[in-house]
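Residue numbers (the numbering used here): 31 to 284. A short worksheet on the structure shown next.
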Ligand SMILES: [Fe+2]
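Okay, structure coming up:
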């Protein structure tokens, strides 16, 4: 009997507590265990094809979901299949019927009329993203080796110092832009930033040379997963840098 009374008291207390707090409980958002999980992409990068024109999408060397958990599939799909594709299509529109149609993207960027905002934004957007996707990869990260490592050690003191400087530059970009590692004409490496879709090939760049790698710090590059936490995106970016691709870009310099 005593046991039944105790049980009844406990149940009543629970019901009263639940009723008393019902309003609060319905208003409080309880984080689900999967709230921070990524939403997988369902599409295929191969299906992303630009409208007919001088420039085409270069594809990805990996699937949309392959950069998880550092870059979520939905972000990669939207970034490549919507944003990057948009730049490519608008670049084609901008060069259509002009002498630029037969020029390389590098030639267009080096001779850029900065007042031509449609060309400036879309040629930059096309080229910058080509490099970004090229130097990322699954099962990447770590430290560079070979000539890239030698140059980084020579010009920044150590890989860790380079990484800190590059990351700090990325955190410091106001608004939308990019950070670059540039091989300058005198054979040294330098970190520089650019706003919007500008890049080191354009005539207004303070640092000129051949871009070896970059990071996109536009919000569209990280907002779905990282929200306003750009530093976390930058920290995880290093897990995706494929140094063999950076080394390959260095090997292309004549
Ligand atoms: Fe982007």
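Note that beta-carbon positions come from the ideal geometry of N, C-alpha and C, so glycine has one too. This structure is a prediction, so every number in the text was calculated from the model and none was measured.
Would you decide whether residue i is buried or exposed? Buried here means 16 or more other CB atoms lie within 10 Å of its CB.
i, result
"residue 125", "buried"
"residue 106", "buried"
"residue 61", "Residue placement at residue 61 cannot be trusted, given a pLDDT of 36 that sits under 50; what the coordinates show is reported in the next sentence. Burial call: exposed."
"residue 147", "exposed"
"residue 99", "exposed"
"residue 207", "buried"
"residue 190", "exposed"
"residue 188", "exposed"
"residue 205", "exposed"
"residue 77", "exposed"
"residue 74", "exposed"
"residue 120", "buried"
"residue 177", "exposed"
"residue 255", "buried"
Can you tell me which of the three DSSP states residue i falls into?
i, result
"residue 252", "coil"
"residue 208", "strand"
"residue 69", "coil"
"residue 195", "helix"
"residue 224", "strand"
"residue 104", "helix"
"residue 266", "helix"
"residue 283", "coil"
"residue 115", "helix"
"residue 78", "coil"
"residue 176", "helix"
"residue 64", "Reliability fails at residue 64, whose pLDDT of 39 lies under 50, so the model's placement of it is uncertain and the value that follows must be treated cautiously. In the structure shown, residue 64 sits in coil (DSSP, three-state: anything other than H, G, I, E or B)."
List the whole-angstrom C-beta distance separating residue i from residue j, where the pair is believed to meet the contact cut-off of C-beta under 8 angstroms.
i, j, result
"residue 156", "residue 135", "6 angstroms"
"residue 164", "residue 275", "6 angstroms"
"residue 153", "residue 144", "Not a contact, Cβ separation roughly 11 angstroms."
"residue 68", "residue 111", "Residue 68 to residue 111, Cβ: 16 angstroms. No contact."
When you measure from the CB of residue i to every non-hydrogen atom of ligand 1, does any distance come out below 7 angstroms?
i, result
"residue 210", "no"
"residue 246", "yes"
"residue 251", "yes"
Discussion item. For the pair the stretch 228 to 248 and the stretch 197 to 217, tell me if three or more CB-CB distances fall below 8 angstroms.
Written reply: yes
Practice prompt. Taking 8 angstroms as the threshold, find out whether the stretch 259 to 279 comes into contact with the stretch 161 to 179 through three or more Cβ pairs.
Written response: yes
Worksheet item: Between the stretch 221 to 230 and the stretch 195 to 209, do at least 3 Cβ pairs fall closer than 8 angstroms?
Response: yes
Worksheet item: Does the stretch 171 to 188 touch the stretch 254 to 272, meaning 3 or more C-beta pairs lie closer than 8 angstroms?
Response: yes
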